[in-house]
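Q: With this note's numbering applied, the sequence shown covers 1041 to 1239.
To start, I am sharing the structure in question, which I have written as structure tokens.
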Amino acid sequence: MKCRILEKGTELYFRYGVRSVTMDTIATELGISKKTIYQHFPDKDAMVYQVLESFIQNDQCKWEELSKSSKDVIHKTLQSLEIMKTTLSEMNPRLMFEVKKYFPKAYDLFTKYKEDCIMNSLKVDLKTGIEQGYFRPEIEIELIARLRMGEVDLSFDPNFYTHSKLSFFDTQQILLDHFMRGILTEKGLSLYLSYQNNN
1041 MKCRILEKGT
1051 ELYFRYGVRS
1061 VTMDTIATEL
1071 GISKKTIYQH
1081 FPDKDAMVYQ
1091 VLESFIQNDQ
1101 CKWEELSKSS
1111 KDVIHKTLQS
1121 LEIMKTTLSE
1131 MNPRLMFEVK
1141 KYFPKAYDLF
1151 TKYKEDCIMN
1161 SLKVDLKTGI
1171 EQGYFRPEIE
1181 IELIARLRMG
1191 EVDLSFDPNF
1201 YTHSKLSFFD
1211 TQQILLDHFM
1221 RGILTEKGLS
1231 LYLSYQNNN
């Protein structure tokens, strides 16, 4: 039962955001009593935390698989956009903004994941890209990795979209393209464009 509740909570939070989805909403969707939910989750904070925890575990598996299957660092970057497309198609853009504002414990978990896993992975990829001759050797790896993380974070701020007609994913795609063109060597740009043209 706990897995069913967690799956339904994840589905609803990702679709509508965390603020508007109550425990009553989840209970109604599952056809169970709210009391049954509270037998497994003491409060909404615990529910949101476990939803984020489950998301992080699944996300880690995807990135590990991507690292194994990629031809090179540019291929990996472009394939990561496909993973992001799948995730973003299921996610309300306000989700992380609301988690940050109303569920600090869950957001701290996500922040730790970004710092310990995503940032480290970005830095390794940048270093690998330099070694392979695809990324400019003079780039400051720590700074550029934080710049990329900042771009992704910014797109989760609903105020960033106030006047934009672009979709959440299209915005990410444009930001990544600008980022990549800023760090690629001529050799890297040639490979980057060849991958884009083959898609």
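We treat Cβ as the ideally placed atom computed from N, Cα and C, and that holds for glycine.
The model shown is predicted, which means the values in this text are computed figures rather than measured ones.
Within 10 angstroms of the Cβ of Thr1050, are there 16 or more other Cβ atoms? Answer buried if so, exposed if not.
A: buried
Q: Verify whether the separation of the beta carbon atoms of Leu1128 and Gln1236 is less than 9 Å.
A: Cβ atoms of Leu1128 and Gln1236: not closer than 9 Å.
Q: As a quick exercise: from Ser1195, Val1164, Pro1177, Phe1196, pick the residue whose alpha carbon is nearest that of Ala1185.
A: Val1164
Q: For the segment 1129 to 1181, list the alpha helix (DSSP H) runs that are entirely contained and at least 4 residues long, ordered along the chain.
A: List check, alpha helix (DSSP H) in window: 1135 to 1142, 1144 to 1153, 1159 to 1171.
Q: Note the first and the last residue of the continuous alpha helix (DSSP H) segment covering Lys984.
A: In the structure as shown, the chain begins at 1041 and stops at 1239. Residue 984 is therefore absent and cannot be evaluated.
Q: So, are the CB atoms of Glu1069 and Lys1084 less than 9 Å apart?
A: no
Q: Determine, using beta-carbon pairs with one atom in the segment 1145 to 1162 and one in the segment 1189 to 1197, whether at least three such pairs fall under 8 Å.
A: yes
Q: Nearest CA to the CA of Lys1145: which residue from Leu1046, Leu1231, Gln1090?
A: Looking only at Leu1046, Leu1231, Gln1090, the smallest Cα-Cα distance to Lys1145 is reached by Gln1090.
Q: To the nearest angstrom, how far is the alpha carbon of Gly1057 from that of Glu1104?
A: Between Gly1057 and Glu1104, the C-alpha separation is close to 27 Å.
Q: Label Ile1158 either buried or exposed according to how many other C-beta atoms from any shown protein chain fall within 10 Å of its C-beta, with 16 as the threshold for buried.
A: buried
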